[in-house]
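Counting in the working numbering, the first sequence runs from 12 upward without gaps.
Beta carbons are placed, not taken as given, at the ideal position from N, Cα and C, and that holds for glycine.
Before any comments, here is the structure.
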Amino acid sequence: MSREQKQQAISSIKGTRDILPEEARLWQMVEESARKIFELYGFRELRAPIIEPTELFEKGTGASSDIVTKEMYTFTDKGGRSVTLRPEYTPSVVRAIIEHRLDLQPQPLRFYYIGPMFRYDRPQKGRYRQFHQLDVEVFGEKDPAVDAEIIEMAHRLLQAVGVEGVTILVNSVGCPTCRPAYGQALREAAARVKDRLCPDCQRKVEINPLRIFDCKLENCQAAARTFPLINDFLCEDCREHFRQFLIYLDLYHLSYKIEPTLVRGLDYYTKTTFELVVENFGAQNAIGGGGRYDNMVKEFGGPDLCGTGLAIGLERLLLVSKIEAIPQSYAYFAHRGEQAKQASLLAASYFRSCGIPCLLEFKERSLKSHFSRANKIAATWVVIIGEDELAAGEFQLKDMLRSKQYKGSLEQLARIIIDKESSRKSALSKE
RNA sequence: GUGAGUGUAGCUCAACGGUUAGAGCACUGGACUGUGGAUCCAGUGGUUGGGGGUUCGAUUCCCCUCACUCACCCCA
12 MSREQKQQAI SSIKGTRDIL PEEARLWQMV EESARKIFEL YGFRELRAPI IEPTELFEKG
72 TGASSDIVTK EMYTFTDKGG RSVTLRPEYT PSVVRAIIEH RLDLQPQPLR FYYIGPMFRY
132 DRPQKGRYRQ FHQLDVEVFG EKDPAVDAEI IEMAHRLLQA VGVEGVTILV NSVGCPTCRP
192 AYGQALREAA ARVKDRLCPD CQRKVEINPL RIFDCKLENC QAAARTFPLI NDFLCEDCRE
252 HFRQFLIYLD LYHLSYKIEP TLVRGLDYYT KTTFELVVEN FGAQNAIGGG GRYDNMVKEF
312 GGPDLCGTGL AIGLERLLLV SKIEAIPQSY AYFAHRGEQA KQASLLAASY FRSCGIPCLL
372 EFKERSLKSH FSRANKIAAT WVVIIGEDEL AAGEFQLKDM LRSKQYKGSL EQLARIIIDK
432 ESSRKSALSK E
């Protein structure tokens, strides 16, 4: 590229990136197994718009949350409305339920979605401004068994894409009945030791004392050990819900860690919260998380419908997954001369109608150069159409992986490809 | 938003402040005109992220800026 070209070149916006074909193949594979698994659990896809009224997130995600106060892509559209690129998905589903009276359908309701979210963060490993989430939500199911089932489903997905070393962190954050008392007690305890805390944590005393638990400094940790824990403040209802939730996790033989300080940054959670974290993954080690939000639908003016859900970060999932792309199998056409080129067009058309992927290139090449090209682009089959073949009315087919060559009509060659491919596929799935 | 590190060819990396900034891989072509992966040869590709300064001279030193990376923060 010349200097002028370089200066004129437009590059992608900070925190966004192109997913090129090689990587997109992996995305397709993960998305496919996610869809399959979600549908195994009775979830159906619900696609909501990427752009929503700003107030949806101010009310839903929470006006005091970091996401809303400093991370949203918000702007005014030509009609003077304040609109926002969604930073998360749950409020959109809640809006859709109320808007379309989905609560009048037989409950519980199970929805899933895969798509981009937007948060104006400083980009980092596993953190982008446009990132993608797998999201599932259940409405109208109070039973803590469903909280456990969602985690079991997430676990299944992680296994399917080869993620290892995942820890399940769980907690209960209580409900509007019991949480205020805990917040009060925590704030008082923090205030008592305020002068022993680092400047950072001194600020947290007022804003969010729970965050003091996360400080790495020894002094702050020592102080935090004297703080009360939420478990001792849960009301009867929340305590029982949490107890049963753990029983169901045990039933699935899922090992988990109770993390009394796990709060999560969204304001709407009640009772169950959980997070999936991976080892050796730096600061962005949470690949998924979620919990219960029993009051959100009601707070939006909808029916009294409880909810519980899960979100998994696709970028982070891919960073830790061990899946490998299965190379696409396809036929390449080695043609010589105009007549052969035309015959190739027809042959490829016929192969495609048989369901065989074909790659046709039109440049005139020597046969050797055709093979060299086929090898470079990893074609699995080469169909040879030259003068001899045209004269004989019989074509040649080379299996590039096994270096075996066949001769016959197009129908015969298509049959050979279909047979060999199906035996190759069944061999792969047996592994 | 705060702090630190790194920016040289498409990729991975060289070049003491001093000739025309090099190599491997990749790409294109040839040796090789009907059978791929190898080898050999040649070619394309840079104004060293951008701007300013110091200097006879800057890829190298200084400042600003942008991008990337990592950490804080927050979260997926």
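Selected residue, minimal CA-CA separation from residue i, among the options
i	options	result
T391	G397, Y361 and Y343	Y343
G312	Q39, P102 and L240	P102
K81	K415, V177 and R130	R130
N291	E163, R138 and G176	G176
P210	E270, I269, A192 and K227	K227
Q39	K387, E326, A425 and L412	E326
Q339	E432, A196 and E199	E432
K25	K136, R140 and A74	R140
P271	R250, K352, Y124 and T72	R250
Y341	D88, G299 and A425	A425
P368	I428, A107, R167 and D248	I428
Y84	P127, F253 and D154	P127
L370	L277, D278 and N386	N386
K70	R106, E42, E43 and E50	R106
E217	R198, Y124, V393 and E43	R198
F297	P314, P134 and L328	Checking the displayed sequence, the identity of residue 297 turns out to be Ala instead of Phe. Looking at the Cα atoms, L328 is the closest of the given residues.
N- and C-terminal bounds of the alpha helix (DSSP H) containing residue i
i	result
A322	Careful: A322 lies outside any alpha helix (DSSP H), inside the beta strand (DSSP E) at G318 to G324.
Y361	E349 to S364
S443	No information on residue 443 is available, as it lies outside the stretch 12 to 442 that the chain covers here.
D158	P155 to A171
V79	D77 to K81
Y193	R190 to R203
D146	First-last for D146: Q141 to F150, but that is the beta strand (DSSP E), not the alpha helix (DSSP H).
H381	L378 to K387
Q232	E229 to A235
K309	M307 to E310
I109	T101 to E110
Check whether residue i and residue j have beta carbons under 7 Å apart
i	j	result
A156	Y52	no
N219	T284	no
F445	L316	Residue 445 cannot be examined here, being either before or after the span of the chain that is shown, 12 to 442.
R346	S360	One detail in the question is off: residue 346 reads as His in this sequence, not Arg. Not closer than 7 Å, so no.
Q407	I395	yes
E63	R92	no
R222	K215	yes
V174	V331	yes
I323	G299	yes
L421	A358	yes
C246	C231	no
I269	R167	no
L277	L180	no
G137	Q295	yes
Buried versus exposed call for residue i [16 or more other C-beta atoms within 10 Å across all chains shown]
i	result
F362	buried
I30	exposed
I78	buried
T237	exposed
M12	The predicted position of M12 is uncertain, since its pLDDT is 48 and thus under 50; a value taken from the coordinates is nonetheless stated next. So M12 counts as exposed.
L110	The residue asked about is misnamed: residue 110 is Glu in this sequence, not Leu. Looking at its Cβ environment, which holds fewer than 16 other Cβ atoms inside 10 Å, E110 is exposed.
A35	exposed
R14	Because the pLDDT at R14 is just 49, under 50, the model does not fix this residue reliably, and the value given afterwards should be weighed accordingly. It is exposed - the Cβ of R14 has fewer than 16 other Cβ atoms within 10 Å.
I21	exposed
R112	exposed
F244	buried
T72	buried
G471	Look at the range of the chain in this structure, 12 to 442, and you will see that residue 471 is not part of it.
H264	exposed
E99	buried
L262	exposed
A434	Correcting the residue identity first, residue 434 is Ser in this sequence and not Ala. Looking at its Cβ environment, which holds fewer than 16 other Cβ atoms inside 10 Å, S434 is exposed.
Contact belief for residue i with residue j at Cβ below 8 Å, rounded distance in angstroms
i	j	result
E148	G419	Not confirmed; about 54 Å, so no contact.
L57	V104	6 Å
N306	T281	6 Å
I334	L37	6 Å
D158	F256	5 Å
V308	G318	6 Å
P239	A196	5 Å
Limits of the beta strand (DSSP E) - the one that residue i falls within
i	result
K89	No beta strand (DSSP E) holds K89; DSSP gives it neither H nor E.
D261	Element bounds for D261: not the beta strand (DSSP E) but the alpha helix (DSSP H), E247 to L262.
F406	F406 to D410
S183	V177 to S183
T283	T281 to V289
F68	No beta strand (DSSP E) contains F68, which is instead part of the alpha helix (DSSP H) from T65 to F68.
F122	L120 to F129
R303	A297 to R303
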